[in-house]
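Student:
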Amino acid sequence: MHMYGYFNGSILPVEQIAFGITDLGLLRGFGLFDYFRTYNGRPFQWDWYWERFANSATKMHLPVPIQKEEAYRVVMELVDKSSLPDVAIRFVMTGGYSSDSISVVNPNLVIITEEIHPTPLSQFEEGIKVILDDYVREMAEVKSTDYKRVILLAQAIRSARASDVLYHKNGEISELSRSNFFIFKGDRLITPNRHILHGITRRTVMNLAQNDFQVEERPVLLSDLYDADEAFTTSSTKKVLPIVQIGELTIADGKPGKRTLFLLEEFNELIGNW
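Positions in the sequence shown are counted from 1; adding 285 to them yields our numbering.
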């Protein structure tokens with residue numbers, strides 16, 4: 286199977302795409318990315334993903350070297366070249382090549398397609414466990430390429446037989462390492478409103494939920510977990526994924542909740558007709 290990518294104006298097989306060693310992404314870890322997928326061959330929530338990518342670039346003072354309409358044409362060409370019914374699409378933009386190892390001149394932009402690695406069905410049926418970590422991401426609203434925290438915690442996550450880590454600071458929950466966090470208290474759906482990446486699946490789920498539940502965006506405290514009826518996480522690959530254990534705390538009866546599963550059904554119906 287051959288995957289193709291876009292690199293600074295050219296479309297090439299991904300194995301032919303290469304960066305020079307003076308790129309600020311390599312020298313300083315200075316870069317951002319975004320990640321989404323197609324359903325039925327069409328990019329999911331394209332307008333929202335592009336908006337977030339452009340906002341991240343603005344916050345990192347990186348000029349986007351491609352217009353939205355051209356980027357969409359590139360994405361669709363890469364999707365067609367993949368010969369797969371659905372693919373993931375990854376945008377990566379770095380600070381580009383720098384003669385003094387600090388100044389941004391022209392960013393490097395890569396767009397590639399990837400095989401989708403779906404969440405196992407068993408995790409939707411049984412729910413997942415996450416561990417806790419006293420940490421909040423710097424510039425959390427930016428989808429930067431800095432994921433060293435979760436990489437360093439990988440062994441701890443495995444040792445706990447968990448699937449991910451839930452970040453909190455000063456008793457306030459923010460997000461998981463690569464996804465957003467929700468709890469249900471009765472028919473109130475509650476999600477953190479700060480120190481987070483504003484996920485596109487998060488936004489989609491809140492829109493789906495508003496007709497059936499009271500949706501609250503507000504600070505969520507660790508103490509809120511003790512009387513939570515349900516918990517779940519959302520992302521491009523996780524969709525609406527139940528969380529049944531956080532650290533040593535079991536959420537409610539330790540099984541995926543009916544409201545969470547209802548939202549998963551709603552999401553699946555949406556993407557089925559995308």
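Don't be surprised by glycine CBs; every beta carbon is placed ideally from N, CA and C.
For L546 and H483, what's the separation of their Cα atoms in angstroms?
Tutor: Working through the sequence shown from its first residue, we reach residue 546 at position 261. Working through the sequence shown from its first residue, we reach residue 483 at position 198. C-alpha separation (whole angstroms): 22 angstroms.
Student: Just checking, does the region 545-559 make contact with the region 435-450 on the three C-beta pairs under 8 angstroms criterion?
Tutor: No contact exists between the region 545-559 and the region 435-450.
Student: Taking C-beta to C-beta, are T404 and P392 nearer than 8 angstroms?
Tutor: Sequence index remark: in the sequence shown, residue 404 carries index 119 (1-based). Sequence index remark: in the sequence shown, residue 392 carries index 107 (1-based). Contact: no.
Student: Which residues mark the beginning and the end of the beta strand (DSSP E) in which Y289 is found?
Tutor: Within the sequence shown, the letter at position 4 stands for residue 289. That run of the beta strand (DSSP E) goes Y289 to F292.
Student: Is L534 buried or exposed, if buried means 16 or more other CB atoms sit within 10 Å of its CB?
Tutor: If you number the sequence shown from 1, residue 534 lands on position 249. Under this definition L534 is an exposed residue.
Student: Taking DSSP as the reference, what is the three-state secondary structure of L560?
Tutor: The requested residue 560 does not occur in the structure, where the chain is confined to residues 286 to 559.
Student: Judging by CA-CA distance, which residue of P504, I296 and L347 is the nearest neighbour of S367?
Tutor: As a position in the sequence shown, residue 367 is number 82, starting the count at 1. That would be I296, whose Cα lies nearest to the Cα of S367.
Student: Jot down the residue ranges of each uninterrupted beta strand (DSSP E) in the region 371-443, minimum 3 residues, whole runs only, in chain order.
Tutor: You should have 373-379, 393-399 and 413-419.
Student: Just reading off the alpha helix (DSSP H) that I556 is part of, what are its end residues?
Tutor: Within the sequence shown, numbered from 1, the residue matching residue 556 stands at position 271. Start and end: K543 to G557.
Student: Using beta-carbon positions only, say whether G290 and I306 come within less than 8 angstroms of one another.
Tutor: For this step, residue 290 is matched to residue 5 along the sequence shown. For this step, residue 306 is matched to residue 21 along the sequence shown. No; because the gap between Cβ atoms is not below 8 angstroms, this pair is not in contact.
Student: What does S530 pair with, by DSSP beta-bridge criteria?
Tutor: One-based indexing of the sequence shown puts residue 530 at position 245. First, the amino acid is wrong: residue 530 is Gln here, not Ser. Beta-bridge pairing links Q530 to K414 and T535.
Student: Apart from the five residues just before and just after W333, which ones in its own chain have a Cβ nearer than 6 angstroms to its Cβ?
Tutor: For this step, residue 333 is matched to residue 48 along the sequence shown. Within the same chain, W333 has close Cβ partners I485.
Student: Hey, how far is the Cα of Q499 from the Cα of S462?
Tutor: Your numbering for residue 499 matches position 214 in the sequence shown. Your numbering for residue 462 matches position 177 in the sequence shown. Going from the Cα of Q499 to the Cα of S462 covers about 26 angstroms.
Student: Can you tell me whether Q301 is helix, strand or coil according to DSSP?
Tutor: By one-based count along the sequence shown, residue 301 stands at place 16. In the structure shown, Q301 sits in a helix (DSSP, three-state: H, G or I).
Student: Select from V395, D538, E399 and N325 the residue whose C-alpha is nearest the C-alpha of A356.
Tutor: The sequence position of residue 356 within the sequence shown is 71, counting from 1. Cα-wise, what sits closest to A356 is V395.
Student: Assuming contact is defined by CB atoms lying nearer than 8 angstroms, are I475 and E515 in contact in what I supplied?
Tutor: Taking the sequence shown and counting its residues from 1, one reaches residue 475 at position 190. Taking the sequence shown and counting its residues from 1, one reaches residue 515 at position 230. No; because the gap between Cβ atoms is not below 8 angstroms, this pair is not in contact.
Student: Which residues share a DSSP beta bridge with E502?
Tutor: Reading the sequence shown from its first residue, position 217 is the one you call residue 502. BP columns for E502 point to T476.
Student: If you reduce the DSSP assignment to three classes, tell me which class D332 lands in.
Tutor: Translated into positions along the sequence shown, residue 332 becomes position 47. In this structure, D332 counts as helix in the three-state DSSP scheme.
Student: Are there 16 or more other CB atoms within 10 angstroms of the CB of S508, so buried, or fewer, so exposed?
Tutor: On the sequence shown, position 223 is the one that residue 508 refers to. When all chains shown are included, S508 counts as exposed.
Student: Would you call N465 buried or exposed, if buried means 16 or more other Cβ atoms sit within 10 Å of its Cβ?
Tutor: Indexing the sequence shown from 1 puts residue 465 at position 180. Under this definition N465 is a buried residue.
Student: Quick check: what's the CA-CA separation for V359 versus R327?
Tutor: As a position in the sequence shown, residue 359 is number 74, starting the count at 1. As a position in the sequence shown, residue 327 is number 42, starting the count at 1. Rounded to whole angstroms, V359 to R327 spans 13 angstroms at the Cα level.
Student: Measuring alpha carbon to alpha carbon, tell me which of D431, I458, H287 and E354 ends up nearest G310.
Tutor: By 1-based counting over the sequence shown, the position of residue 310 is 25. Residue D431 is the option with its Cα nearest to G310.
Student: Among residues of its own chain, excluding the 5 on either side of A373, which ones have a beta-carbon nearer than 6 angstroms to its beta-carbon?
Tutor: Position 88 of the sequence shown, counted from the start, is the residue given in the question as residue 373. Cβ within range, chain order: R322, E399 and I401.
Student: Have a look at Y382 and E423 and give me their C-alpha separation to the nearest angstrom.
Tutor: Within the sequence shown, numbered from 1, the residue matching residue 382 stands at position 97. Within the sequence shown, numbered from 1, the residue matching residue 423 stands at position 138. Near 24 angstroms, if we compare the C-alpha coordinates of E423 and Y382.
Student: Excluding the five sequence neighbours on either side, which residues of its own chain have a C-beta within less than 6 angstroms of the C-beta of S429, listed in chain order?
Tutor: For this step, residue 429 is matched to residue 144 along the sequence shown. So the list reads L317, once near-sequence residues are dropped.
Student: For K540, which three-state DSSP category applies?
Tutor: Along the sequence shown, one-based indexing puts residue 540 at 255. Coil.
Student: Between E354, F329, F315 and I442, which has its C-alpha nearest S388's C-alpha?
Tutor: Here the question's residue 388 lines up with position 103 in the sequence shown. Closest by alpha carbon: F315.
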